[in-house]
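Reviewing the structure listed below.
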Amino acid sequence: MSRISDRFDRLRRDRRTGLVTYITAGDPSLAQSAAILKTLDATGVDVLEVGVPFSDPLADGPVIQRATERALASGTTLDGVLQMVADIRPDIAAPIVLFSYANPIMRMGLAQFTARAAEAGVDGVLTLDVPPEEGREWHQAFTQAGIDMIFLLSPTTSTERMRKAAHLGRGFLYGISRLGVTGARTDISDAAAELARRVREVTDLPLVLGFGVSTPEHMQALGRMADAAVVGSALVQVIAEQGTDGDPAAAAATYVRWLRG
Amino acid sequence: MSAVWFGRRDPDARGYFGDFGGRFVPETLVAPIESLEAEYFEARRDPAFAAELDRLFRHYVGRPTPLWDARRFGDPCGQLRVLLKREDLTHTGAHKINNALGQALLAVRMGKGRIVAETGAGQHGVASATACALLGLECVVYMGTEDMRRQALNVFRMRLLGATVVGVDSGSCTLKDAINEAMRDWVARPHDTHYLLGSALGPHPYPLMVREFQSVIGREARQQCLDQTGQLPDVVVACVGGGSNAMGIFDAFIDDAQVQLVGVEAGGETIAAGRHAARFAGGAAGILQGTRTWVLQDAHGNVEATHSVSAGLDYAAIGPEHASLHASGRARYEYAGDSDALEAFQTLARTEGIIPALESAHAFAYLLKGAHGLAPGTTVLVNLSGRGDKDVQSVAALLPEGHHVAHQ
Ligand SMILES: Cc1ncc(COP(=O)(O)O)c(C=O)c1O
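Sequence lines, in order, name chains A and B.
Quick note on numbering: the first sequence equals residues 240 to 500 in the working numbering.
Quick note on numbering: the second sequence equals residues 2 to 409 in the working numbering.
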């Protein structure tokens with residue numbers, strides 16, 4: 240059983256809502272990202288999502304776009320991210336999921352990427368612009384390497400396509416709780432509950448809900464509908480506010496503790 | 002419009018032309034793109050849709066556009082016989098209007114009242130704003146701030162036409178970034194918005210649909226060549242940004258194996274990272290903005306900055322069908338640099354009294370630079386994709402005081 244499935248089984252057994260965190264690797268530097276991930280793990284985060292910066296993040300809102308620009312400016316590459324994950328893996332208990340766009344992975348080559356990711360101890364990969372229809376070749380490569388391929392579900396996803404994603408996907412499904420790009424919002428939309436209900440009719444795979452989470456109230460609201468909630472842009476913003484000479488790891492940990500209430 | 006304007010060379014069911022194409026989009030966009038595909042496939046079989054598009058093409062756009070035998074321009078090209086397909090004479094002054102009207106009609110059919118579009122040179126933005134004004138649709142155009150500076154006249158035109166122009170100042174502040182922003186808008190409002198993509202790019206069905214709306218160019222030109230010269234051209238040349246004017250004119254000739262097809266990309270300053278936009282000269286296969294194609298990118302898969310004197314060619318990827326024609330060898334791809342394009346811009350003006358768009362000037366530059374061994378008397382059909390009024394101001398700023406090309 241994968242480290243991811245294991246974690247979600249435990250969450251269900253303990254009847255606890257999980258917390259998934261997203262950070263953009265390399266913002267402000269890979270060394271800081273390593274420190275942030277270790278600290279988040281120590282606070283008990285359930286899944287660590289590590290964003291691979293890409294020059295054209297068309298599914299991301301302004302906060303992650305700016306983080307991506309800082310990460311690229313600090314020289315971050317997919318290669319470097321894999322190296323960083325390999326370095327911290329022995330010290331980290333939580334599963335690690337890479338969040339990427341297709342092109343950096345294609346450029347490295349699917350076979351090379353999956354081999355290196357598996358070696359680094361990556362547990363899952365979510366590629367924002369590879370829907371299940373394009374994912375067959377990818378799915379094969381990931382399965383062979385023992386890495387979970389994670390798919391997104393959106394309020395616009397049909398039930399038929401939810402089945403497809405549930406069939407091909409491993410580890411968990413990532414529900415986008417609202418239309419639009421990534422970014423913190425002030426409320427949790429009704430679309431989240433409806434999406435969760437529809438997913439539950441189709442599959443037992445763990446479901447995490449994200450896009451817009453920024454407060455403990457959001458966490459609790461989503462937690463009632465899903466196995467875990469994802470905090471992304473809000474956390475990236477906390478890290479950004481530390482600038483280059485602050486303590487982003489400490490700030491991230493404080494923020495996450497507050498979120499969990 | 003002839004009965005066979007669609008379905009002649011469809012990609013496979015997943016939208017691939019050979020190894021290129023597909024649909025690499027964020028999950029939220031899959032459903033709206035699937036319904037766009039279904040709606041387009043239905044519309045293109047509907048004679049009423051074709052008839053309405055045909056009516057607009059004739060009476061609004063001014064089609065068919067003329068084919069002009071450019072005798073004086075042919076001389077400095079090594080005595081070629083150069084035929085110009087005059088898309089510059091369409092309403093709004095570029096081929097972009099053909100596709101904009103087609104997609105805007107489709108949006109009406111889908112009950113979508115809001116259009117988002119990207120634009121580089123501003124010609125597609127102007128065409129979209131025009132189509133929306135005509136059909137009563139709301140229009141939001143995303144445009145890189147660098148392009149807004151280069152094409153200030155077109156920004157004003159779009160606003161006059163009632164469109165909202167939104168400046169994009171991320172990345173390189175050009176076409177690629179405008180596409181990212183238009184897609185972000187669409188992800189947030191897929192239900193009431195149609196994304197009117199302006200070139201033969203992006204996820205399936207856009208490369209097919211845009212090519213089919215533009216294919217009127219080649220259909221007319223092929224018949225005009227036969228009528229006016231009694232034969233098919235030996236060579237067809239078009240500039241290639243995303244690739245819509247080139248696909249539009251190539252389409253009618255693809256099955257004529259004896260006709261050479263040549264696409265001309267932007268060579269910029271020189272073929273070095275960040276200084277050009279010649280994808281086949283400096284790129285590699287990759288995935289960008291919904292499609293698998295040739296992309297200018299670094300060793301880590303990040304998209305490289307591009308440069309061209311012409312905003313409409315200044316883009317890091319090329320339409321997937323071009324990648325497929327390149328792979329099969331059916332079309333050949335060359336490039337022309339900034340200074341050669343500037344020279345061709347002036348030469349066409351002085352020899353024919355026609356000021357071409359800087360984009361189109363790249364196609365003429367290829368011919369002026371010796372046309373790579375074409376024998377005198379060879380008949381070359383060139384897509385004059387747009388007129389150069391929008392570029393006059395920036396060309397004036399680029400040319401040294403009193404500079405002009407030697408009188409031919
Ligand atoms: C006149 C003209 N020609 C060519 C192009 C390049 O686009 P495409 O390659 O899609 O024809 C543009 C784009 O803005 C244009 O305005």
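Backbone N, C-alpha and C define an ideal beta-carbon position, used for all residues, glycine too.
So residue i and residue j are in contact, right, with Cβ under 8 Å, and what is the actual spacing, rounded?
i	j	result
B:Pro77	B:Leu369	6 Å
A:Ala384	A:Ala341	A:Ala384 to A:Ala341, Cβ: 17 Å. No contact.
A:Phe390	A:Thr353	About 17 Å; that fails the 8 Å criterion.
A:Arg309	A:Pro343	No, A:Arg309 and A:Pro343 are not in contact; Cβ-Cβ is about 17 Å, not under 8 Å.
B:Ser340	B:Cys240	Between B:Cys240 and B:Ser340 the Cβ distance is about 16 Å, and since that is not below 8 Å, they are no contact.
Considering just the uninterrupted stretch of the beta strand (DSSP E) at residue i, what are its terminal residues?
i	result
B:Ala285	Ala285 to Leu289
B:Trp69	Leu68 to Asp70
B:Asn303	Note, B:Asn303: premise wrong, no beta strand (DSSP E); not H, not E.
Should residue i be counted as a contact of ligand 3 given a C-beta to heavy atom distance under 7 Å?
i	result
B:Lys97	Inclusion of ligand 3 in the displayed structure is not the case, the ligand content consisting of ligand 1 alone.
Identify which residue in the options has its Cα closest to the Cα of residue i.
i	options	result
B:Asp89	B:Ala128, B:Val117, B:Val211 and B:Arg82	B:Ala128
B:Gly338	B:His363, B:Ala318 and B:Arg64	B:His363
A:Arg463	A:His378, A:Val447, A:Pro334 and A:Val320	A:Val447
B:Ser245	B:Val304, B:Gly320 and B:Tyr316	B:Gly320
B:Phe214	B:Ala222, B:Ser200, B:Glu322 and B:Glu40	B:Ser200
B:Gly371	B:Leu81, B:Gly23 and B:Ala71	B:Leu81
B:Leu85	B:Gln152, B:Leu314 and B:Thr380	B:Thr380
B:His373	B:Phe346, B:Gln394, B:Ile355 and B:Arg333	B:Arg333
A:Val477	A:Pro487, A:Val469 and A:Thr483	A:Pro487
A:Ser294	A:Gly283, A:Ala306 and A:Glu288	A:Ala306
B:Gly389	B:Pro377, B:Leu375, B:Arg185 and B:Phe346	B:Phe346
B:Phe7	B:Arg87, B:Tyr41, B:Gly23 and B:Val31	B:Tyr41
A:Asp299	A:Leu276, A:Arg499, A:Pro370 and A:Leu418	A:Leu418
B:Phe21	A:Phe450, A:Glu373, A:Gln481 and A:Val320	A:Glu373
A:Pro371	A:Ala405, A:Met345 and A:Ala273	A:Ala405
B:Gln259	B:Val265, B:Ala397 and B:Leu233	B:Leu233
Establish whether the CB of residue i and some CB of chain B are separated by less than 8 Å.
i	result
A:Pro455	no
A:Pro487	no
A:Ser397	yes
A:Thr442	no
A:Met347	yes
A:Thr256	no
A:Val364	no
A:Gly419	yes
A:Thr260	no
Is there a Cβ from chain A that is less than 8 Å from the Cβ of residue i?
i	result
B:Ile288	yes
B:Thr29	yes
B:Met111	no
B:Val188	yes
B:Val156	no
B:Ile386	It should be pointed out that residue 386 of chain B corresponds to Ser in this sequence rather than to Ile. No, because no Cβ of chain A sits closer than 8 Å to the Cβ of B:Ser386.
B:Gly24	Per the sequence shown, the amino acid found at residue 24 of chain B is Arg instead of Gly. Output row for B:Arg24: interface = yes.
B:Ser171	yes
B:Leu401	Contrary to the premise, residue 401 of chain B reads as Pro rather than Leu in this sequence. It does not: the Cβ of B:Pro401 has no partner Cβ on chain A nearer than 8 Å.
In chain order, what residues of the same chain have a beta carbon less than 8 Å from the beta carbon of residue i, not counting five sequence neighbours either side?
i	result
B:Cys133	Ala105, Ile116, Glu139, Cys140, Leu162, Gly163 and Ala164
A:Leu250	Thr256, Gly257, Asp285, Pro445, Asp466 and Ala467
A:Leu474	Thr260, Tyr261, Ile262, Ala491, Tyr494 and Val495
A:Trp497	Pro455
B:Leu399	Val310 and Leu343
A:Leu349	Glu376, Trp377 and Ala380
Going along the chain, which residues of its own chain have a beta-carbon closer than 7 Å to the beta-carbon of residue i, five neighbours each way excluded?
i	result
B:Gly114	Leu138, Glu139 and Asp193
B:Asp11	Leu209
B:Arg73	Thr352 and Glu353
B:Gly268	His277, Ala279, Tyr336, Ala337 and Gly338
B:Leu54	Met2, Leu102, Gly103 and Leu106
A:Val438	Leu392, Met401, Leu412, Gly414 and Leu446
Excluding five sequence neighbours on each side, which residues of the same chain lie with their C-beta closer than 6 Å to the C-beta of residue i?
i	result
B:His408	Here the model assigns B:His408 a pLDDT of 42, short of 50, so the residue's position is not dependable, and the following value carries that caveat. So the list is empty, once near-sequence residues are dropped.
B:Pro191	Pro33
B:Arg151	Ala312 and Ser395
A:His378	Met388 and Leu407
B:Phe365	Ala345 and Leu349
A:Leu367	Ala298 and Tyr340
If you follow the alpha helix (DSSP H) that residue i is part of, which residue opens it and which one closes it?
i	result
A:Ser244	Arg242 to Asp253
B:Lys86	First-last for B:Lys86: Arg82 to Arg87, but that is the beta strand (DSSP E), not the alpha helix (DSSP H).
A:Met388	Where A:Met388 is concerned, there is no enclosing alpha helix (DSSP H), although the beta strand (DSSP E) it sits in stretches over Asp387 to Ile389.
B:Gln261	Per DSSP, B:Gln261 belongs to no alpha helix (DSSP H); it is in the beta strand (DSSP E), Gln261 to Gly269.
B:Leu138	First-last for B:Leu138: undefined, no H or E at that position.
B:Tyr41	Glu28 to Arg45
A:Gly410	Run containing A:Gly410: none; DSSP gives neither H nor E here.
Short-range partners of chain C found in the stretch 280-311 of chain A, where Cβ spacing is below 7 Å: The structure shown has no chain C; the protein chains it does contain are A and B.
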